[in-house]
Each structure stands twice: as structure tokens, then as C-alpha cells.
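One structure below.
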Amino acid sequence: MLLGYFQFLVLILVSSYQTEGHETTCRYPYREVGTSCFYFSSDKASWDEAYIHCLHKGGYLANLETFNEYIFLRSWLAALNNGRSYWIGGRNINREIQGGDWRWVKNGTFSKMSYYAFGPGQPSGSKGTPENCLWLYPTYHYQFIDDICTYSVYYICEK
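In mature numbering (1 follows the signal peptide of the UniProt record, and there is no 0), the protein residues as written are -21 to -1, 1 to 138.
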């Protein structure tokens, strides 16, 4: 009797957890990394093209909204050890401000970043050098790097 009650409680907890919007598994081509679903591109694109590719895959360029999510993905990429740089969903919306005004772009909205994980000497863009898009760069242990949005690199989508 006690075992049946315990199983019932576990079932209730699991179903309530799933109804809160958390996917327990990711659908192809996304893969689970921590508590998020990511797609790692096998093709290169500019930031704008990557943004569109992610929309077509039912997601958006990765928004690493919490420091924990960033650390988890950074560790996963370091273990993957493929030497690739990846666009993520960070964008500078104001070059007039020293260091920029960095936001996450998701579903047409901009949300202020709650932390910054820029590599050494970053952000390095200015009015004269419009480095307004973020990528994760392996040479700097996948810290944030601002760069010119038209560069063609791999990208990470999130869903």
C-alpha cells in the first residue's frame, strides 16, 4: 500500500514538472545539454542568416540567459573539442555606449543580459568597428567575443 502511494506521488510530481513547460527530451535535430535543447550547426552562416536558420528549425539563436546555462554549455563545448566558433543570440543594440548595450534576441524581443562572460579585451567593437554580434570562441575557452555580424561561422540554436 505504501509503495503504491509513493508511486502515485512520483507520477504527480513528474506530470506537474512536465506541464510547467520543461521538455524532458529534445526532438531531433536538437540535443539536450543540461536543461536546454540545442542544435549545433554543421554549416556556417552570418549572424542574420543563422538567426533565420534557427527560426526555420523552430528555435532561435541560443540565449544563454543564466550564468549556469552558459557554464554548462561552455563545459560541453570544451569537452566536444571540435575547435569551432559558434554564433549565439547576443546582439549589441547601441554602439554609442562604451562597451555596448548587449541584449539577447529571442522571438523578436530584446532582453537585457543578466551577466557578461566576455573574453580578454572584449567587447572590442566601437562606432568605427561595428562588432555587434556575439559568438563563443574556442581560443578564449568559449567566452563571449563580439565581432562583425557578416562573418560566416557555425551557430547554436535553442528551443
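Positions of the beta carbon are idealized from the N, C-alpha and C atoms, including for glycine.
These figures come from a predicted structure and were not determined experimentally.
Might you give, ordered along the chain, the residues of its own chain that have their beta carbon closer than 6 Å to the beta carbon of residue i, omitting 5 neighbours on each side?
| i | result |
| --- | --- |
| Trp26 | Trp66, Cys112, Cys128 |
| Leu56 | Tyr121 |
| Trp81 | Gly69, Asn71, Met92 |
| Glu28 | none |
| Tyr94 | Phe46 |
Find the nearest neighbour of residue i within the set the options, judged by alpha-carbon distance.
| i | options | result |
| --- | --- | --- |
| Phe123 | Thr108, Phe89, Arg70 | Arg70 |
| Tyr119 | Ile135, Pro102, Gly107 | Pro102 |
| Ser64 | Ala24, Asn73, Phe46 | Ala24 |
| Asn86 | Tyr94, Tyr30, Asn73 | Tyr30 |
| Ile76 | Asn60, Asn61, Pro109, Thr88 | Pro109 |
So what does residue i bridge to, in DSSP terms?
| i | result |
| --- | --- |
| Ser90 | Trp83 |
| Trp55 | DSSP, once it has assigned bridges, lists no residue as partnering Trp55. |
| Arg70 | Arg82, Cys112 |
| Cys136 | Tyr18, Leu40 |
| Gln122 | Tyr116 |
| Phe97 | Phe123 |
| Arg10 | Phe17 |
| Tyr65 | Leu115, Tyr133 |
| Ala24 | Val132 |
Looking only at its own chain, which residues have a Cβ that is under 7 Å from the Cβ of residue i, when we skip the five neighbours before and after it?
| i | result |
| --- | --- |
| Val12 | Phe51, Leu52, Trp55 |
| Ala96 | Tyr49, Gln122, Phe123 |
| Ala41 | Phe17, Ile67, Gly68, Ile135, Cys136, Glu137 |
| Pro99 | Tyr119 |
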